[in-house]
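> Count along the sequence shown from 1, add 690, and you get the number used in this note's numbering.
Please see the structure below; I have some questions.
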Amino acid sequence: MNIKRVVEKDTRSAFEKVKELYGEDVVILSNKRIGKKQVEVMVAVDLNDGSYSLQDDPEADVGGIAKKIHSPSEGKAAPTVAWMEARKKAEGQSMFSHREPLTEQESIAQVKKLLEKTKPSVDVDAYTGEEMQPQMAAMQIDELDSIKSEMSQLRDMFKTHLDISDRNEREALSVEAKEIISKLENECVDTKHIEEIQKLHLTKGRKRDFWKKTIGWWAEGLVNSNVDPVLDGGIYAFVGLSGVGKTTTIIKMASQAALKYGKEKVALITLDHKRIGAKEQIKLYGMMLGVKVMNAANTSDLRDQLKELSDKRVVLIDTAGASVQSDSLRINCEALKSSHDDLRLVLAMSANGQSAVNNKICAELSDMVEGTILTKLDEAIVLGGVLSIMRDSQIGLIGVSCGSEIPKDYQSFTPDELIDKCFGINENITLKKPETKPSKKARAKAA
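As structure tokens, then:
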């Protein structure tokens, strides 16, 4: 298949020219106006169907190639396979230089036309009874192979056009824009977000404002959660995958709540019966903090225990970690929500986890959780993937857990602070010391 271009004063003249040069057995790829007085028509011509002579093609200019391949005695013999390969090599990639990339609908339309042109005909009278079935099956296989071949060619053409277009757009950017794109790529920001930033903010305007606009784009797209378990109090169940640090984060938050409201106002409940030593671990931490710890066997048991803890200011519930391969996480969340009207779900997500895994979990629970807490922030090399996931899911950020020290290695965090942490705008960002309850001596002195 070869691509030909015809330019005439109007569409009708262009179609007549195409018919005159290449016959009726062609595929119209595009039809567009050039300037005010010319129309360009792009057509695909099958070189092997005999619909026109390559030697008579005014655009082909194949004389030099033909002389190298055919001997003088052959004259104007039909093109050989070798000649066809030489022709293709001589043209190189010029076939892509004069037309715009095909859209998806144009590619589909081209495939349909090519299939109609290459559909095999069957002589029904030549076969009868059982002889027809194997013959038809063989022809269907040949037709499928033909479809695959044509689809592969069109896909390659389409991808080549897009690659060339993207490369040209990237090369045309300023030095400042290229540096920003490189920084985003180094932070593992999602490709679609890089392309959107490039299109919206890195192609026009003052170059010194490019980075400011990029940061503004992130700030506008991230959501800040309106809940804070430590400051607001309430009933919170922490959900997430196994090993993301739910239990450790709960202990940090419980210790801060105990310092703020007093240990008698804080309670912990564990529903984790899968992990070895999970119940003993949270009971040990509860003894160290001096807060009440209860063990719930199921949702019904949890409902009864929450009634007993109605006088507590903060109740934190630890749940069993789920597997990314199963649907148990959403099922567990639905069961937890049904246990108490005021219970709110918090997603614990590891900052150093795989982006594909975190993206799947956020997409699955975005309509159920009140917000997310990023754990293991100190173990993450880059945070661009986390920013992309949180922008797509629109789950609010509650806080971050960074380190293993209790209670200071947890704090509430805003999206702006996370952006700063990701891109190193303020390298001195550290976790703030938790607010503590003043001692009796300090209160007496203040009085």
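Glycine residues also receive a C-beta, built at the ideal position from the N, C-alpha and C atoms.
1) Looking at residue 947: is its Cβ nearer than 7 Å to the Cβ of residue 956?
2) Pick out whichever of 729, 937, 725, 692 has its Cα sitting closest to the Cα of residue 705.
3) By how many angstroms is the C-alpha of residue 1067 removed from the C-alpha of residue 1103?
4) How long is the line joining the alpha carbons of residue 960 and residue 954, rounded to whole angstroms?
5) By the three-class DSSP mapping on this structure, what secondary structure does residue 1103 have?
6) Rounded to whole angstroms, what is the Cα-Cα separation between residue 996 and residue 1030?
7) Could you pull the start and end residues of the alpha helix (DSSP H) that residue 1076 belongs to?
8) Ordered along the chain, which non-local residues of its own chain (more than five positions away) have a Cβ less than 7 Å from that of residue 1002?
9) Is the CB-CB distance between residue 1073 and residue 1090 below 7 Å?
10) By the 10 Å Cβ neighbour count, where 16 or more other Cβ atoms means buried, how is residue 893 classified, buried or exposed?
11) Would you call the CB atoms of residue 975 and residue 941 closer than 7 Å?
12) I'd like to know if the region 912-920 and the region 1047-1062 are in contact, where contact means that at least 3 CB-CB pairs between them fall below 8 Å.
13) Please say whether residue 904 and residue 871 have beta carbons closer to each other than 7 Å?
14) Would residue 696 and residue 707 qualify as a contact pair, given that the criterion is a beta-carbon distance under 7 Å?
15) Going by C-alpha distance, which of 966, 1100, 1079, 694 is nearest residue 939?
16) If we call anything under 7 Å between Cβ atoms a contact, is residue 973 one with residue 983?
17) May I have the straight-line CA-CA distance separating residue 873 from residue 1085, to the nearest angstrom?
18) For residue 891, which residues in the same chain have their Cβ closer than 7 Å to its Cβ, ignoring the five residues on either side in sequence?
Let me spell this out:
1) Taking the sequence shown and counting its residues from 1, one reaches residue 947 at position 257. Taking the sequence shown and counting its residues from 1, one reaches residue 956 at position 266. Against a cut-off of 7 Å, the Cβ pair of residue 956 and residue 947 comes out as a contact.
2) The count along the sequence shown starts at 1 and reaches residue 705 at position 15. Selected option, being the one with the closest Cα: 729.
3) Looking up residue 1103 in the sequence shown gives position 413. Looking up residue 1067 in the sequence shown gives position 377. Rounded to the nearest angstrom, the two C-alpha atoms are 12 Å apart.
4) Start at 1 with the first residue of the sequence shown, and residue 960 comes out as number 270. Start at 1 with the first residue of the sequence shown, and residue 954 comes out as number 264. In a straight line, the C-alpha of residue 960 is about 18 Å away from that of residue 954.
5) The residue given as residue 1103 occupies position 413 in the sequence shown. Looking at residue 1103 - three-state DSSP - the assignment turns out to be coil, as it is neither helix nor strand.
6) Counted from its first residue, the sequence shown places residue 996 at position 306. Counted from its first residue, the sequence shown places residue 1030 at position 340. Cα-Cα distance, rounded: 8 Å.
7) As a first step, residue 1076 is located in the sequence shown; it is residue number 386 there, counting from the start. Unbroken alpha helix (DSSP H) run through residue 1076: 1074-1083.
8) In the sequence shown, counting from the first residue as 1, residue 1002 sits at position 312. Within the same chain, and ignoring the five residues on either side of residue 1002 in sequence, the residues whose Cβ sits closer than 7 Å to its Cβ are 955, 956, 957.
9) Walking along the sequence shown from the start, residue 1073 turns up at place 383. Walking along the sequence shown from the start, residue 1090 turns up at place 400. Using a Cβ distance threshold of 7 Å, residue 1073 and residue 1090 do not count as a contacting pair.
10) Here residue 893 refers to the residue found at position 203 of the sequence shown. The Cβ neighbour count for residue 893, taken over all protein chains shown within 10 Å, is under 16; the residue is labelled exposed.
11) In the sequence shown, residue 975 corresponds to position 285, counting from 1. In the sequence shown, residue 941 corresponds to position 251, counting from 1. Yes; because the gap between Cβ atoms is below 7 Å, this pair is in contact.
12) yes
13) Translated into the one-based positions of the sequence shown, residue 871 becomes position 181. Translated into the one-based positions of the sequence shown, residue 904 becomes position 214. It is not a contact, given that the beta carbons lie outside the stated cut-off.
14) Residue numbering aside, residue 696 sits at position 6 when the sequence shown is read from its first letter. Residue numbering aside, residue 707 sits at position 17 when the sequence shown is read from its first letter. Yes; because the gap between Cβ atoms is below 7 Å, this pair is in contact.
15) Position 249 of the sequence shown, counted from the start, is the residue given in the question as residue 939. Among 966, 1100, 1079, 694, the Cα nearest to that of residue 939 is on 1100.
16) Working through the sequence shown from its first residue, we reach residue 973 at position 283. Working through the sequence shown from its first residue, we reach residue 983 at position 293. For residue 973 and residue 983, yes; Cβs fall inside 7 Å.
17) The residue you call residue 873 lines up with position 183 of the sequence shown. The residue you call residue 1085 lines up with position 395 of the sequence shown. The alpha-carbon atoms of residue 873 and residue 1085 are separated by roughly 25 Å.
18) Residue 891 sits at position 201 when you count from the first residue of the sequence shown. Hits under 7 Å: 900, 903, 904, 907.
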